[in-house]
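Visitor: Residue numbers (the UniProt record's numbering), protein chains in the order written: chain X, 1 to 458; chain L, 1 to 458. Attaching a single structure in structure tokens format; questions to follow.
Protein chains: 2
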Amino acid sequence: MSQRQLSLNAFIPATGHHVAAWRHPDAAANGGHEFQHYARVAQAAEAAKFDGVFLADSAAVWGGAGVGGTDRQGLESLARSARGAHFEPITLLSALAAVTERIGLIATVTTTYNEPYHLARKFASLDWLSGGRAGWNLVTSANQHEAQNFGLDAHVEHADRYQRAEEFIDVVKGLWDSWEDDAFLRDKDSGVYFDADKLHPLNHRGTHFKVRGPLNVARPPQGYPVLVQAGSSEPGKELAARTAEVIFTAQQTLADAQAFYADVKGRLARYGRSPDSLKILPGVFPVVGRTEAEAQEKFEALQNLIDPKVGLALLSGMIGGFDLSAYPVDGPLPPLPASNGGKSRQALLIDKARRENLTIRELYLSIAGARGHWQVVGSAEQVADQLQAWFEQGAADGFNLMPPVLPTGLDDFIELVLPILRERGLFRSEYQGRTLREHLGLSRPENHHTVQRNRVAA
Amino acid sequence: MSQRQLSLNAFIPATGHHVAAWRHPDAAANGGHEFQHYARVAQAAEAAKFDGVFLADSAAVWGGAGVGGTDRQGLESLARSARGAHFEPITLLSALAAVTERIGLIATVTTTYNEPYHLARKFASLDWLSGGRAGWNLVTSANQHEAQNFGLDAHVEHADRYQRAEEFIDVVKGLWDSWEDDAFLRDKDSGVYFDADKLHPLNHRGTHFKVRGPLNVARPPQGYPVLVQAGSSEPGKELAARTAEVIFTAQQTLADAQAFYADVKGRLARYGRSPDSLKILPGVFPVVGRTEAEAQEKFEALQNLIDPKVGLALLSGMIGGFDLSAYPVDGPLPPLPASNGGKSRQALLIDKARRENLTIRELYLSIAGARGHWQVVGSAEQVADQLQAWFEQGAADGFNLMPPVLPTGLDDFIELVLPILRERGLFRSEYQGRTLREHLGLSRPENHHTVQRNRVAA
């Protein structure tokens with residue numbers, strides 16, 4: 001019997017995850033518009049046998065954590081970050097499909113500002129282009145700037161977003177089942193290209209969508225591209241328990257990660273699913289050195305590159321948008337008004353500042369690296385120990401690796417940490433399968449029309 | 001002074017343009033889901049120095065001419081055609097960008113069932129991935145099956161579609177101008193990634209769209225990806241005269257093509273544009289042999305592969321959806337009721353049948369090859385002569401080449417016709433430029449914010 005293995009994705013924003021990464025001498029500062037940079041990173045991850053590469057997304061400039069606060073603050077800090085402009089994920093992964101052979105390709109796309117027909121079609125096409133390596137990270141969007149690019153004045157409410165997402169994913173799966181796997185005969189002699197009985201319009205009429213179908217792409221090689229989700233709210237966890245195959249989650253401590261893991265895995269039985277059918281991959285921001293001191297030095301070098309404007313805006317974004325620029329950066333956090341946005345994270349941060357008696361600068365430095373994700377700074381051995389502990393103590397099935405700087409942060413992990421994990425039998429030396437689904441140990445979903453046909457025939 | 005040169009795009013549906021192409025022994029019957037097939041075709045076109053490859057599109061299974069008639073007829077004929085399922089164009093061209101270096105990559109996308117932010121973003125990303133080789137063929141969709149995949153019961157009316165397209169293209173251009181060309185400093189020392197004065201939100205509020213912007217991709221290498229259009233209606237020609245840089249048009253005779261050419265070029269002055277700023281490329285369906293007899297044989301071989309069900313459905317679609325399956329295929333066309341769809345084409349076809357005393361079979365055979373486009377069957381010399389005549393007699397700036405079968409129909413043209421065109425000084429032997437815009441001899445549009453800034457400074 002083979003030992004349980006870690007799943008590892010490489011989460012690869014152009015210059016890396018640290019907020020000041022682009023200023024680092026090793027960073028490809030223009031990586032967000034340079035295909036060769038991405039090709040090199042994806043090929044390195046593939047050579048190291050990662051399950052997949054992972055791309056975040058926002059359909060607006062101001063996307064994601066890290067650029068928050070007021071608009072003025074936002075623009076000033078944005079101008080000092082590398083987050084303003086970069087490749088769109090589906091086009092980038094399609095291009096990467098052509099220069100890689102085995103690694104999975106996971107793109108984030110929102111259900112809130114998209115149409116299911118377009119999304120089903122593009123991911124099916126990517127799955128064919130890549131020979132079964134596509135994954136879709138479903139998000140419902142987190143900021144009003146996206147809404148304003150799509151005709152709305154304000155962001156769609158959380159509950160509405162999740163109701164839409166629930167219906168969206170059912171429509172997308174229905175479209176992926178439009179053609180049965182063996183529908184295409186392509187028989188030149190008889191002139192029959194496909195079996196008309198194996199093509200199924202969808203005729204979906206729901207609350208949010210009316211979609212006739214069928215899809216104009218054959219059923220994807222994986223059946224469905226792998227379904228990834230990242231929501232940690234109550235409706236997010238429930239949607240994941242019903243539909244997700246991979247969860248990317250932000251957990252700061254082993255105890256929190258264990259609680260999340262048990263919570264989500266515990267919901268699966270209700271949907272007739274086994275615990276193995278959903279892989280939980282916390283994000284991890286590893287700063288790796290040959291020694292602990294070297295790792296600390298690397299981390300300090302990055303921290304020293306943080307422009308106070310960027311640090312302040314990042315912190316403002318995490319405490320509900322309150323503008324801190326008028327306060328001395330080496331003084332304490334001022335009293336803060338109540339806010340509607342991100343309450344729990346805000347409370348945790350303010351508590352931390354008070355408890356540890358941190359200045360504003362110390363507080364933003366404490367969050368600037370991993371930005372809410374698990375940060376591990378240490379020797380290769382120490383990093384491997386920690387990953388193994390989470391993996392073996394019910395906190396993770398693997399990790400979404402967030403290199404501090406690209407390309408070198410990924411190279412460090414590959415050169416220093418992976419050999420240790422391999423030695424311990426925790427990570428593959430060769431791919432066993434060809435598809436992302438196979439790398440992750442997920443089964444290929446059957447076409448529900450085929451299932452029905454076989455049931456009738458039996 | 002160098003001689004005026006032909007522009008040539010290769011229009012590459014998976015198996016070729018002839019309605020029975022996929023049954024031909026040379027055809028890659030599964031080409032629509034096989035990336036290596038497309039890579040080979042695009043690389044052959046690039047080696048032959050084509051300006052670009054061109055992909056049609058429909059956001060539904062039943063797209064395009066060739067699958068029409070009633071639903072029953074449609075399904076029966078569709079099952080005997082290769083048109084039901086295939087790659088989505090933007091993902092496919094993104095992948096092709098990674099395995100080619102110089103050839104342009106033109107994808108059709110509708111404005112009727114898309115959002116301008118998504119479209120601007122994907123084409124900007126493709127332009128960066130390809131180093132300035134993207135082109136967008138704007139269409140407004142031609143069938144109700146697309147509408148029914150996007151929440152509507154019926155197709156949007158023609159006039160509404162064109163009003164939406166007019167506004168759509170302005171929003172897209174505005175988004176492409178979000179960042180000035182020199183906005184990105186990426187200065188690691190100072191920590192300034194971009195010049196905040198060179199980022200411009202759009203704040204568009206129009207009839208169809210409300211889009212704040214800015215785009216989260218840098219200004220495309222070409223300024224704007226090349227704008228292609230295919231509409232031949234009155235609003236279509238007017239939209240093209242205002243905004244298009246390439247027109248793909250269906251013209252059957254030299255006289256018609258000359259009239260169209262003069263009409264559209266004559267409209268440009270009204271928008272302050274020179275005749276050279278818009279290239280007119282009629283479609284041509286060339287069946288090329290070493291001799292005329294060989295070409296005729298090749299054509300007959302294809303015609304003989306047409307399943308009557310496919311021929312009938314094709315014809316039905318072109319005469320307004322009237323079901324002909326109850327009539328003897330070797331008898332005359334029955335009297336036809338008046339119809340609302342495709343009136344002029346319908347009248348032309350019926351006239352032709354009566355005038356030439358054609359049976360139903362003869363009539364569908366007469367349209368099955370080029371499906372409304374110019375069909376040239378002949379020796380390489382004859383084909384070259386005809387192309388030259390159109391090019392030199394005010395009918396065309398080049399052609400959108402529609403190979404009957406892929407890959408061999410394109411190979412034939414490259415091996416047999418291109419050497420003659422080159423000998424006559426009508427087509428390049430090497431690329432002179434690196435971008436699609438440069439291949440076509442189109443100037444790079446300036447960013448309107450930069451123009452304004454320079455005007456103020458002057």
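The beta carbon of each residue, even a glycine, is placed where N, CA and C say it ideally should be. Since we're looking at a predicted model, the values are computed, not measured.
I want to see whether chain L comes within less than 8 Å of P214/X, judged by CB atoms only; does it?
Guide: Locating residue 214/X in the first sequence gives position 214, counting from the first residue. Yes, P214/X lies at the interface with chain L (some Cβ there is under 8 Å from its Cβ).
Visitor: Taking C-beta pairs closer than 9 Å, name the residues in chain L that W179/X reaches, listed in chain order.
Guide: Residue numbering aside, residue 179/X sits at position 179 when the first sequence is read from its first letter. Here the neighbours are G84 and A85.
Visitor: Would you say I12/L faces chain X, with C-beta separation under 8 Å as the test?
Guide: Residue 12/L sits at position 12 when you count from the first residue of the second sequence. It does not; no Cβ of chain X falls within 8 Å.
Visitor: For G63/L, count the other beta carbons within 10 Å of its own beta carbon; 16 or more makes it buried, fewer makes it exposed. Which is it?
Guide: Taking the second sequence and counting its residues from 1, the one referred to as residue 63/L is at position 63. With a pLDDT of 49 at G63/L, under the threshold of 50, the modelled position of that residue is not reliable, and the figure given next carries that caveat. Buried is the call here.
Visitor: Taking Cβ-Cβ distances below 8 Å as the criterion, which residues of the region 192-225 of chain L are in contact with chain X?
Guide: Result list: V192, Y193, F194, D195, A196, L199, F209, K210, V211, R212, G213, P214, L215, N216, V217 and A218.
Visitor: Pull up the distance between the alpha-carbon of G69/X and that of E76/X, whole angstroms please.
Guide: The residue labelled residue 69/X in the question sits at position 69 within the first sequence. The residue labelled residue 76/X in the question sits at position 76 within the first sequence. Confidence is the limiting factor: at G69/X the pLDDT is only 45, short of 50, which leaves the residue's position unreliable and the question unanswerable from this model.
Visitor: Can you tell which of K198/L, L281/L, D189/L and V228/L has the C-alpha that lies nearest to the C-alpha of T140/L?
Guide: As a working note, residue 140/L is residue 140 in the second sequence. T140/L has its Cα closest to that of V228/L, out of K198/L, L281/L, D189/L and V228/L.
Visitor: Between P334/L and the ligand ADP, is there a pair consisting of the residue's CB and a ligand heavy atom that are separated by less than 7 Å?
Guide: The model depicted lacks the ligand ADP and carries no ligand whatsoever.
Visitor: Can you tell me whether N340/L is buried or exposed, with buried defined as 16 or more other CB within 10 angstroms of its CB?
Guide: The residue given as residue 340/L occupies position 340 in the second sequence. With a pLDDT of only 45 at N340/L, under the threshold of 50, the placement of this residue in the model should not be trusted; the figure read from the coordinates follows. Exposed.
Visitor: Would a C-beta distance cut-off of 8 Å place M402/X and A370/X closer than the cut-off?
Guide: On the first sequence, position 402 is the one that residue 402/X refers to. On the first sequence, position 370 is the one that residue 370/X refers to. The answer is yes: Cβ separation under 8 Å.
Visitor: Looking at the secondary structure, which residues open and close the alpha helix (DSSP H) in which Q375/X lies?
Guide: Here the question's residue 375/X lines up with position 375 in the first sequence. No alpha helix (DSSP H) holds Q375/X; the beta strand (DSSP E) holding it covers W374 to S379.
Visitor: Note the first and the last residue of the continuous alpha helix (DSSP H) segment covering R361/L.
Guide: Against the second sequence, residue 361/L aligns to sequence position 361. From DSSP, the alpha helix (DSSP H) with R361/L extends over I360 to I367.
Visitor: Buried or exposed, going by whether 16 or more other CB atoms sit within 10 Å of the CB of R219/X?
Guide: Translated into positions along the first sequence, residue 219/X becomes position 219. Burial call: buried.
Visitor: Is the beta carbon of E146/L closer than 8 Å to that of Y113/L?
Guide: Locating residue 113/L in the second sequence gives position 113, counting from the first residue. Locating residue 146/L in the second sequence gives position 146, counting from the first residue. A contact, by the Cβ cut-off of 8 Å.
Visitor: Work out the CA separation of E438/X and P25/L for me, nearest whole Å.
Guide: Your numbering for residue 25/L matches position 25 in the second sequence. Your numbering for residue 438/X matches position 438 in the first sequence. Computed Cα separation, rounded: 35 Å.
Visitor: Please report how far the alpha carbon of V288/L lies from the alpha carbon of L314/L, in whole angstroms.
Guide: On the second sequence, position 288 is the one that residue 288/L refers to. On the second sequence, position 314 is the one that residue 314/L refers to. Taking the straight line from one Cα to the other gives about 24 Å.
Visitor: Just to confirm the assignment, what range does the alpha helix (DSSP H) spanning S7/X have?
Guide: Residue 7/X sits at position 7 when you count from the first residue of the first sequence. It is not in any alpha helix (DSSP H) - S7/X instead sits in the beta strand (DSSP E) that spans S7 to F11.
Visitor: Does any residue of chain L bring its CB to less than 8 Å from the CB of T408/X?
Guide: Here residue 408/X refers to the residue found at position 408 of the first sequence. So, not an interface residue.
Visitor: Are three or more beta carbon pairs between the region 420-437 of chain X and the region 164-176 of chain X nearer than 8 Å?
Guide: Output reads no: the region 164-176 of chain X does not touch the region 420-437 of chain X.
Visitor: Should V41/X and P404/X be called a contact, given that it needs their Cβ atoms to be closer than 8 Å?
Guide: On the first sequence, residue 41/X is found 41 positions in, with the first residue counted as 1. On the first sequence, residue 404/X is found 404 positions in, with the first residue counted as 1. It is not a contact, given that the beta carbons lie outside the stated cut-off.
Visitor: Under 7 Å between beta-carbons, which chain X residues line up against Y117/L? List them in chain order, please.
Guide: In the second sequence, residue 117/L corresponds to position 117, counting from 1. In chain order: A59, N149 and F150.
Visitor: Report the neighbours of T112/X on chain L: residues whose CB is nearer than 8 Å to its CB, in chain order.
Guide: The residue labelled residue 112/X in the question sits at position 112 within the first sequence. Within chain L, no residue comes near T112/X; the closest Cβ sits about 12 Å away, beyond 8 Å.
Visitor: Assuming E245/L contacts K298/L under a Cβ cut-off of 8 Å, what Cβ separation, rounded to an integer in Å, is found between them?
Guide: Taking the first residue of the second sequence as 1, we reach residue 245/L at position 245. Taking the first residue of the second sequence as 1, we reach residue 298/L at position 298. Not really, about 34 Å apart at Cβ, beyond 8 Å.
Visitor: Have a look at E157/L and Q163/L and give me their C-alpha separation to the nearest angstrom.
Guide: In the second sequence, residue 157/L corresponds to position 157, counting from 1. In the second sequence, residue 163/L corresponds to position 163, counting from 1. Cα-Cα distance, rounded: 10 Å.
Visitor: Leaving out the 5 sequence neighbours to the left and right, which residues in its chain are closer than 6 Å to L198/L when beta-carbon positions are compared?
Guide: The residue given as residue 198/L occupies position 198 in the second sequence. Looking at the sequence shown, residue 198/L is not Leu but Lys. If we look at K198/L and ignore the five residues flanking it on each side, its Cβ neighbours are E180 and A183.
Visitor: Locate the alpha helix (DSSP H) running through P282/X, then write down its first and last residues.
Guide: Reading the first sequence from its first residue, position 282 is the one you call residue 282/X. Segment K279 to G289 is the beta strand (DSSP E) holding P282/X; no alpha helix (DSSP H) there.
Visitor: Over the uninterrupted alpha helix (DSSP H) stretch that includes V456/L, give me the two end residues.
Guide: Mapped onto the second sequence, residue 456/L falls at position 456. H448 to A457 is the extent of the alpha helix (DSSP H) around V456/L.
Visitor: Hey, P214/X and P201/X are a contact pair by Cβ (cut 8 Å); roughly how many whole angstroms apart?
Guide: Numbered from its first residue, the first sequence carries residue 214/X at position 214. Numbered from its first residue, the first sequence carries residue 201/X at position 201. With a Cβ gap of about 5 Å, P214/X and P201/X count as contacting.
Visitor: Nearest to residue 459/L by CA position, among D189/L, G441/L and H37/L, is which residue?
Guide: Missing from the structure shown is residue 459/L; chain L here goes from 1 to 458 and no further.
Visitor: Report the rounded CA-to-CA distance for Y271/X versus P445/X, giving the unit in angstroms.
Guide: As a position in the first sequence, residue 271/X is number 271, starting the count at 1. As a position in the first sequence, residue 445/X is number 445, starting the count at 1. Looking at the two C-alpha atoms, the distance is approximately 15 Å.
Visitor: Helix or strand or just coil, what does DSSP make of P332/X?
Guide: Residue numbering aside, residue 332/X sits at position 332 when the first sequence is read from its first letter. In this structure, P332/X counts as strand in the three-state DSSP scheme.
Visitor: Determine the direct distance from the alpha carbon of G132/L to that of A65/X, and round the result to whole angstroms.
Guide: Residue 65/X sits at position 65 when you count from the first residue of the first sequence. Residue 132/L sits at position 132 when you count from the first residue of the second sequence. Legend: pLDDT at A65/X = 34, less than 50; position of this residue unreliable, no value from coordinates given.
Visitor: On the DSSP bridge list, what partners appear for G52/X?
Guide: Residue mapping note: residue 52/X aligns to position 52 of the first sequence, counting from 1. Bridge partners of G52/X: N9/X and G104/X.
Visitor: Where DSSP assigns a beta bridge to R133/X, which residues make up the other side?
Guide: Locating residue 133/X in the first sequence gives position 133, counting from the first residue. In DSSP, R133/X forms no bridge with anything.
Visitor: Report the residues of the region 18-38 of chain X with a CB closer than 7 Å to any CB of chain L, ordered along the chain.
Guide: The residues in question are W22, R23, A29, N30, H33 and F35.
Visitor: Select from Y193/X, D195/X, P89/X and L436/X the residue whose C-alpha is nearest the C-alpha of R49/X.
Guide: Here the question's residue 49/X lines up with position 49 in the first sequence. A quick correction: the sequence has Lys, not Arg, at residue 49/X. The candidate whose alpha carbon is nearest that of K49/X is L436/X.
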